[in-house]
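**Student:** The sequence shown begins at 1 in full-length UniProt numbering and counts up by one.
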Amino acid sequence: MQILDYNILQIILDAPDRQIYLVTEKGKTIQYCLIALEGSFEAQSPTLKIFKTFKSLNKLYVLTEPFHATLQSLLKEQQNGLEIGQIATIITDVLLDLLHSQFYAFSLQNIFIIKQNNQIKAKLGISNLSCDWAFSSVDGVHSKATSVWSAGVVLFYLCTGHSPYNCRNKTEIEEKIKSFDITDIPNSINKIFRQMIISMMQINGGRRGQIEDLLNTPQLKMNLPNRDW
Numbered sequence: 001m002q003i004l005d006y007n008i009l010q011i012i013l014d015a016p017d018r019q020i021y022l023v024t025e026k027g028k029t030i031q032y033c034l035i036a037l038e039g040s041f042e043a044q045s046p047t048l049k050i051f052k053t054f055k056s057l058n059k060l061y062v063l064t065e066p067f068h069a070t071l072q073s074l075l076k077e078q079q080n081g082l083e084i085g086q087i088a089t090i091i092t093d094v095l096l097d098l099l100h101s102q103f104y105a106f107s108l109q110n111i112f113i114i115k116q117n118n119q120i121k122a123k124l125g126i127s128n129l130s131c132d133w134a135f136s137s138v139d140g141v142h143s144k145a146t147s148v149w150s151a152g153v154v155l156f157y158l159c160t161g162h163s164p165y166n167c168r169n170k171t172e173i174e175e176k177i178k179s180f181d182i183t184d185i186p187n188s189i190n191k192i193f194r195q196m197i198i199s200m201m202q203i204n205g206g207r208r209g210q211i212e213d214l215l216n217t218p219q220l221k222m223n224l225p226n227r228d229w
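1. Please classify residue 156: does DSSP put it in a helix, a strand, or coil?
2. Could you say which of 183, 81, 143, 76 lies nearest to residue 205 if we only look at CA atoms?
3. When the distance is taken between beta carbons, is residue 81 closer than 8 Å to residue 161?
4. At 4 residues or longer, and completely inside the region 168-227: list those alpha helix (DSSP H) runs for me, N to C.
5. I'd like to check one pair, residue 217 with residue 185: are the Cβ atoms closer than 8 Å?
6. When DSSP builds the beta bridges, which residues end up paired with residue 79?
7. Please look up how many angstroms separate the CB atoms of residue 76 and residue 97, rounded, as I've assumed it's under 8 Å.
8. With 16 as the cutoff for other CB atoms within 10 Å, does residue 182 come out buried or exposed?
9. Please list the terminal residues of the continuous alpha helix (DSSP H) segment that includes residue 94.
10. Would residue 88 and residue 219 be called neighbours here (beta carbons separated by less than 8 Å)?
11. Within 10 angstroms of its Cβ, does residue 147 collect 16 or more other Cβ (buried), or is it exposed?
12. Given residue 92, which residues of its chain have a CB within under 6 Å of its CB, disregarding the five upstream and five downstream residues?
13. Compute the Euclidean distance between the alpha carbons of residue 74 and residue 178, then round it to the nearest angstrom.
14. Can you have a look at residue 85 and say buried or exposed, based on whether 16 or more other CB atoms are within 10 angstroms of its CB?
15. Closer than 7 Å to a non-hydrogen atom of the ligand ADP - does that hold for the CB of residue 145?
16. Just how far apart, CA to CA, sit residue 79 and residue 158?
17. For the candidate residues 172, 156, 113, 199, whose alpha-carbon lies nearest to that of residue 188?
18. In angstroms with no decimal places, state the Cα-to-Cα distance between residue 234 and residue 167.
19. Which whole-angstrom value describes the C-beta separation of residue 151 and residue 95, a residue pair presumed to lie in contact below a C-beta threshold of 8 Å?
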């Protein structure tokens, strides 16, 4: 992962080609497929807002190593499912990003997977403005509690390979969210992860687990010595 030290003067999002072009202060144009950024942003902001967000940042994380475009592509590749250690690593990275940033609305497509020396790392970032659906409708507002719920949905997806909401449109999803019951969580899921999902996907935001407490879960805590938090 490389850090760009020079200022970004202009960001061009080419929707048809699904590319992002950066115009730097040195007059160079750099092309990347995906970019993960440091700072806060709204996952489904209009292009103009994202442009302003980029310009306000001091640093930009640019994915230069071989990586999977999104978490979904990794899950498709891992036909036998992810290992417990891989799941713990990914959800730890997601929660750490949520702890230090303001990612109030994100989906599976906002999670980038980077492979380095056979190790998997996860990073939240912009997903080419093409999220299938946002998880933030559970509360009606964007908040840290909403992000915890979103991460719970992601953890469910990591453990099962599918969404807890098998719906065709946003209306159906919202109805399913309101009627979701913890008994819908398969007992076959790792016990610790299942308890985390129950805590994270509470409909009442006040009852959801806190990010700091979730990071102290044994399966996740073992990942923390190698990460800043």
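We put the CB at the ideal spot given by N, CA and C, even for glycine.
**Tutor:** Looking at the atomic coordinates:
1. On the sequence shown, position 156 is the one that residue 156 refers to. Helix.
2. Along the sequence shown, one-based indexing puts residue 205 at 205. Among 183, 81, 143, 76, the Cα nearest to that of residue 205 is on 143.
3. The residue you call residue 161 lines up with position 161 of the sequence shown. The residue you call residue 81 lines up with position 81 of the sequence shown. Contact: yes.
4. Fully enclosed alpha helix (DSSP H) runs of 4 or longer: 170-178, 191-200, 211-215, 218-221.
5. Here residue 185 refers to the residue found at position 185 when the sequence shown is read from its first residue. Here residue 217 refers to the residue found at position 217 when the sequence shown is read from its first residue. Going by C-beta atoms, residue 185 is not nearer than 8 Å to residue 217.
6. Reading the sequence shown from its first residue, position 79 is the one you call residue 79. Among the bridge pairs identified by DSSP, residue 79 is matched with none.
7. Numbered from its first residue, the sequence shown carries residue 76 at position 76. Numbered from its first residue, the sequence shown carries residue 97 at position 97. Actually they are not in contact, since the Cβ atoms of residue 76 and residue 97 sit about 23 Å apart, beyond 8 Å.
8. As a first step, residue 182 is located in the sequence shown; it is residue number 182 there, counting from the start. Exposed: under 16 other Cβ atoms inside 10 Å.
9. Stepping through the sequence shown from its first residue, residue 94 is reached at position 94. Counting along the chain, residue 94 sits inside the alpha helix (DSSP H) bounded by residues 84-100.
10. Within the sequence shown, numbered from 1, the residue matching residue 88 stands at position 88. Within the sequence shown, numbered from 1, the residue matching residue 219 stands at position 219. In this structure, the beta-carbon distance from residue 88 to residue 219 falls below 8 Å.
11. Position 147 of the sequence shown, counted from the start, is the residue given in the question as residue 147. Buried: at least 16 other Cβ atoms inside 10 Å.
12. Here the question's residue 92 lines up with position 92 in the sequence shown. So the qualifying residues of the chain are 220, 223.
13. The residue labelled residue 74 in the question sits at position 74 within the sequence shown. The residue labelled residue 178 in the question sits at position 178 within the sequence shown. If you draw a straight line from the Cα of residue 74 to the Cα of residue 178, it is about 29 Å long.
14. Taking the first residue of the sequence shown as 1, we reach residue 85 at position 85. Counting other Cβ atoms within 10 Å of its Cβ, residue 85 stays below 16 and is therefore classed as exposed.
15. The ligand ADP is absent from the structure shown, which contains no ligands of any kind.
16. In the sequence shown, the residue the question calls residue 79 occupies position 79. In the sequence shown, the residue the question calls residue 158 occupies position 158. Take the alpha-carbon of residue 79 and the one of residue 158: they are about 12 Å apart.
17. By 1-based counting over the sequence shown, the position of residue 188 is 188. Each of 172, 156, 113, 199 was checked against the Cα of residue 188, and the nearest Cα belongs to 156.
18. Any question about residue 234 goes unanswered here, given that the chain covers just 1 to 229.
19. Here residue 151 corresponds to residue number 151 of the sequence shown, with the count starting at 1. Here residue 95 corresponds to residue number 95 of the sequence shown, with the count starting at 1. Between the beta-carbon of residue 151 and that of residue 95 there is about 6 Å, and that keeps the pair under the 8 Å contact cut.
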